[in-house]
Structures are given as structure tokens and as C-alpha cells.
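Participant:
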Amino acid sequence: MTEDEIFKDLGVVPFRRLNRSGRPAPHLSLRFDSHLFSIDTSRSPKSSVQPDAYLITHAHSDHYGKSAMISPDSLASRETARALEIRHERNYEGRTFPVGGSIVVDELELKTYSTGHTIGSVAFGWETEVGTRVLVTGDVKNYENLPKCDLLVTEANYGDPWDPSCRFEDDIVGFGDAVESGATFGAYAFGKAQRAISLIRALGCKDPVGMDDKSLALTRELLPDFGPLSPMEENGTDLNVVTPWELSRVKSDRKYVLTGRSDLPFTQIRLSDHLDFKGLMRMVEKISPEAALIYHPEGRRANMMAHHLRELGMASISVSEVHDSF
Numbered sequence: 001m002t003e004d005e006i007f008k009d010l011g012v013v014p015f016r017r018l019n020r021s022g023r024p025a026p027h028l029s030l031r032f033d034s035h036l037f038s039i040d041t042s043r044s045p046k047s048s049v050q051p052d053a054y055l056i057t058h059a060h061s062d063h064y065g066k067s068a069m070i071s072p073d074s075l076a077s078r079e080t081a082r083a084l085e086i087r088h089e090r091n092y093e094g095r096t097f098p099v100g101g102s103i104v105v106d107e108l109e110l111k112t113y114s115t116g117h118t119i120g121s122v123a124f125g126w127e128t129e130v131g132t133r134v135l136v137t138g139d140v141k142n143y144e145n146l147p148k149c150d151l152l153v154t155e156a157n158y159g160d161p162w163d164p165s166c167r168f169e170d171d172i173v174g175f176g177d178a179v180e181s182g183a184t185f186g187a188y189a190f191g192k193a194q195r196a197i198s199l200i201r202a203l204g205c206k207d208p209v210g211m212d213d214k215s216l217a218l219t220r221e222l223l224p225d226f227g228p229l230s231p232m233e234e235n236g237t238d239l240n241v242v243t244p245w246e247l248s249r250v251k252s253d254r255k256y257v258l259t260g261r262s263d264l265p266f267t268q269i270r271l272s273d274h275l276d277f278k279g280l281m282r283m284v285e286k287i288s289p290e291a292a293l294i295y296h297p298e299g300r301r302a303n304m305m306a307h308h309l310r311e312l313g314m315a316s317i318s319v320s321e322v323h324d325s326f
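According to full-length UniProt numbering, the sequence shown is numbered sequentially starting from 1.
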């Protein structure tokens with residue numbers, strides 16, 4: 001089945017907006033019924049076709065909320081909107097909703113579902129006039145709340161079945177051992193830092209934790225009442241959570257970076273905010289879509305995941321295989 005046949009049957013057509021240079025803008029848009037939704041993409045210039053809504057799944061920069069957040073047509077959870085404001089020091093101009101709640105766009109109800117990727121991260125789901133159930137996930141760590149659908153629009157950060165680095169387990173034991181001995185952890189200010197604090201408290205540690213300014217502001221806002229937190233310079237203990245770029249400034253004999261990356265000069269502890277390949281396949285099996293569109297990231301992993309799903313008999317394309325543009 002060709003791309004055109006897949007989406008014609010479902011009544012949904014994916015598009016990509018072209019920049020002035022003629023290159024595709026980030027991620028994509030979906031046209032269905034009388035609607036056009038842009039998904040995790042940058043804001044369209046005034047001279048371009050305007051979507052009915054910008055769906056912002058979460059506040060990481062590679063999902064382009066910094067651009068879309070100043071549009072009154074943007075949709076984001078309350079936590080995502082606040083995280084965008086703290087990260088980018090500008091007001092969020094769009095509409096918000098509670099995680100798990102609904103929001104209406106031109107009489108169409110969009111339901112939202114937690115994905116466990118970051119605080120406030122959501123998937124959007126709706127049903128078209130012809131009865132097609134669409135689910136747009138953003139990045140996913142926990143798929144238990146996600147419903148079945150006909151068209152799945154999802155991520156493939158670790159979707160390449162032939163890449164060994166796409167199969168992993170989180171090292172909670174190693175993280176716990178490092179917490180007990182007193183350590184400094186390198187973690188991205190939004191997402192990973194809050195997960196580290198949550199795990200530290202879940203492990204029973206009530207000690208003060210020092211943080212860099214941005215991580216501290218985000219954590220205090222998104223995780224209130226999670227024990228004593230303080231600016232890194234004022235912290236009187238050995239336990240710190242700072243951005244990877246701040247690790248070299250901290251005086252500590254035990255430094256770890258909470259990532260799967262191999263290009264940072266510190267001991268790694270694997271704590272991922274994404275599903276690995278096996279988890280992504282379990283998610284697809286649970287959701288059981290008729291077709292899938294893999295939109296993040298663009299490139300090899302999305303292509304390989306779409307290819308693998310086709311080998312399993314599912315109609316599937318990656319974002320780089322979307323040919324229609326506006």
C-alpha cells in the first residue's frame with residue numbers, strides 16, 4: 001500500500017511546511033476534515049498557511065515550543081506552558097489544559113494522555129468525522145495510559161532495531177548506590193533533573209540537593225514539596241544535580257552524567273526518559289494502530305522504525321517520506 005492509499009483511506013493527510021530556503025520546517029502538520037494541526041513544529045510565518053492549532057507535546061527544544069508558544073493557537077499542558085516560560089523567559093500566549101484533560105478546537109474535542117517523558121508531557125488523541133482515531137504521542141517513557149488508535153503518530157528516538165544502543169535498561173541500582181555515597185549528577189535542566197530529584201526522594205534520601213539556577217527554578221516550580229533544594233554554591237553536602245556543562249565546576253570526587261551519550265568525560269549512569277526499542281514495540285502492540293507515522297527525530301532511526309513496522313505488516317512511513325508540502 002502506498003503512502004497516498006494509506007492516508008486516503010484514513011482521511012488524514014500529512015504535510016510539511018517549506019521554509020524560505022525551500023527546505024521542510026521541523027516535523028509536520030496533519031490535514032483532516034476541515035482542520036490543519038501542526039505537531040511539535042515551529043510557528044508559521046504570517047505569509048504562510050496558518051494551522052488551527054499548534055500541538056506542543058512537551059517543552060524540550062527539539063519539539064519547537066519556543067517558537068510556537070507565542071501563538072494564541074498553541075496548545076500545551078499547564079506544566080509544559082510553565083516550563084516553556086521558565087526556560088525561555090517569555091510569556092506563553094496559547095491555551096492550556098490539565099494533563100489527562102480535554103480541550104476543544106473548532107468543536108473538535110482533543111483528549112490528552114500522560115506519556116511520562118517529562119512533567120507535563122502529553123499525547124493528543126481525537127476522532128475525525130469519518131471515525132479515524134488519531135493519536136500523536138510526542139516522546140514516550142510510559143505508554144500505559146495511551147489508548148488504541150487507527151493512526152499512530154509517534155517518536156523513534158530509540159527505534160532502530162539494528163542499533164544495539166537502542167536496547168537498554170535503566171540503571172536504578174547504580175544510581176541508588178551513587179546517591180548513598182554522595183555524588184554530583186549531570187542532568188539536563190528540564191526533564192532529567194526533575195527525574196533525578198524524584199528518584200533521590202523515592203530512594204528515601206532527605207538530604208539537601210544543590211542545583212544550578214535553571215534546574216533549580218524548574219524543579220521548584222514543577223516539583224514543589226520535594227525536599228530541601230538549594231543553589232549549588234550554597235549547598236553544604238556532596239549531593240548535587242546540575243547540567244552536564246556545570247559538572248566541571250563542582251568540587252566532587254564522584255561525578256556522574258545521567259545519559260546514554262558517550263561523548264562526555266564522566267562516568268555514565270543510564271537513566272533514560274524514553275522507551276528503548278523493545279518498549280516502543282510493546283507500545284505499538286498495545287495501541288494496535290492500522291497505520292503509523294514516525295515523526296521524531298527525522299533521519300535514520302525514524303526511517304528504520306517505519307521500515308521495521310512495514311516488515312511486520314503495518315502500513316508505516318517516516319516524516320522524511322512525507323512528500324506533500326505547503
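Where a beta carbon is used, it is the ideal one built from N, C-alpha and C, also for glycine.
1) Is the beta carbon of T132 closer than 9 Å to that of L151?
2) According to DSSP, simplified to helix, strand and coil, what is H35?
3) Using beta-carbon positions only, say whether I86 and A178 come within less than 9 Å of one another.
4) Would S34 be called buried (16 or more neighbouring beta carbons within 10 Å of its own) or exposed?
5) Report yes if the CB atom of T80 is closer than 9 Å to the CB atom of I103, and no otherwise.
6) Considering just the uninterrupted stretch of the beta strand (DSSP E) at E155, what are its terminal residues?
7) Measuring alpha carbon to alpha carbon, tell me which of H117, N157, D207, L239 ends up nearest F190.
8) What three-state label does DSSP hand A25 in the structure shown?
9) Which residues in the same chain as E109 place their Cβ atom closer than 6 Å to its Cβ, once the five residues preceding and following it in sequence are excluded?
10) Look up T80 in the DSSP assignment and say whether it is helix, strand or coil.
11) Going by beta-carbon coordinates alone, are residue 359 and V99 separated by less than 9 Å?
12) Taking E285 as part of the alpha helix (DSSP H), name the residues at either end of that continuous run.
13) Do you know how far the Cα of S252 is from the Cα of E285?
14) I'd like the list of long-range same chain contacts for I39, defined as Cβ closer than 7 Å, with 5 residues on each side in sequence excluded.
15) Where in the region 37 to 118 do unbroken runs of the beta strand (DSSP E), each at least 3 residues long, occur, reported from the N-terminal end onward?
16) Restricting to Cα atoms, I'd like to know which of G186, K148, A68, R78 is closest to R254.
17) Buried or exposed: where does F326 fall if 16 or more other Cβ atoms within 10 Å of its Cβ makes it buried?
18) Would you say E93 and S74 are within 9 Å of each other, going by their C-beta atoms?
19) Would A202 be called buried (16 or more neighbouring beta carbons within 10 Å of its own) or exposed?
20) If I follow the unbroken alpha helix (DSSP H) through K206, where does it start and stop?
21) Excluding the 5 residues flanking G65 on each side, which residues of the same chain have their C-beta closer than 6 Å to its C-beta?
22) Which of the three DSSP states is assigned to A193 in this structure?
Facilitator: On the basis of the coordinates in this document:
1) To locate residue 151, count along the sequence shown from 1; it is residue 151. To locate residue 132, count along the sequence shown from 1; it is residue 132. Result yes, Cβ atoms of L151 and T132 sit closer than 9 Å.
2) Numbered from its first residue, the sequence shown carries residue 35 at position 35. Residue state, collapsed to three classes: strand.
3) Your numbering for residue 86 matches position 86 in the sequence shown. Your numbering for residue 178 matches position 178 in the sequence shown. The answer is no: Cβ separation not under 9 Å.
4) Residue 34 sits at position 34 when you count from the first residue of the sequence shown. Looking at its Cβ environment, which holds fewer than 16 other Cβ atoms inside 10 Å, S34 is exposed.
5) Position 80 of the sequence shown holds residue 80. Position 103 of the sequence shown holds residue 103. No, the Cβ-Cβ distance between T80 and I103 is not below 9 Å.
6) As a first step, residue 155 is located in the sequence shown; it is residue number 155 there, counting from the start. From DSSP, the beta strand (DSSP E) with E155 extends over 151 to 155.
7) By 1-based counting over the sequence shown, the position of residue 190 is 190. For the residues H117, N157, D207, L239, the minimum Cα distance to F190 belongs to H117.
8) Along the sequence shown, one-based indexing puts residue 25 at 25. Note: A25 maps to coil in three-state DSSP.
9) Here residue 109 refers to the residue found at position 109 when the sequence shown is read from its first residue. Only S102 meet the Cβ criterion.
10) Counted from its first residue, the sequence shown places residue 80 at position 80. T80: helix per DSSP, three-state reduction.
11) The requested residue 359 does not occur in the structure, where the chain is confined to residues 1 to 326.
12) What you label residue 285 is simply residue 285 of the sequence shown in a count that begins at 1. Segment 277 to 287, the alpha helix (DSSP H) holding E285.
13) Position 285 of the sequence shown, counted from the first residue, corresponds to residue 285. Position 252 of the sequence shown, counted from the first residue, corresponds to residue 252. Rounded to the nearest angstrom, the two C-alpha atoms are 45 Å apart.
14) Residue 39 sits at position 39 when you count from the first residue of the sequence shown. Taken in chain order, the residues that qualify are H27, L28, S29, L30, L55, V136, V153, Y295.
15) 53 to 55, 74 to 77, 95 to 97, 102 to 105, 108 to 114
16) Numbered from its first residue, the sequence shown carries residue 254 at position 254. Nearest of G186, K148, A68, R78 to R254, Cα basis: G186.
17) Position 326 of the sequence shown, counted from the first residue, corresponds to residue 326. Classification for F326: exposed.
18) Along the sequence shown, read from residue 1 onward, the residue named residue 93 stands at position 93. Along the sequence shown, read from residue 1 onward, the residue named residue 74 stands at position 74. Yes, the Cβ-Cβ distance between E93 and S74 is below 9 Å.
19) As a first step, residue 202 is located in the sequence shown; it is residue number 202 there, counting from the start. When all chains shown are included, A202 counts as exposed.
20) Indexing the sequence shown from 1 puts residue 206 at position 206. It is not in any alpha helix (DSSP H) - K206 carries neither H nor E in the DSSP assignment.
21) Taking the sequence shown and counting its residues from 1, the one referred to as residue 65 is at position 65. Correct list, in chain order: I56, A59, L84.
22) For this step, residue 193 is matched to residue 193 along the sequence shown. Three-state DSSP puts A193 in a helix.
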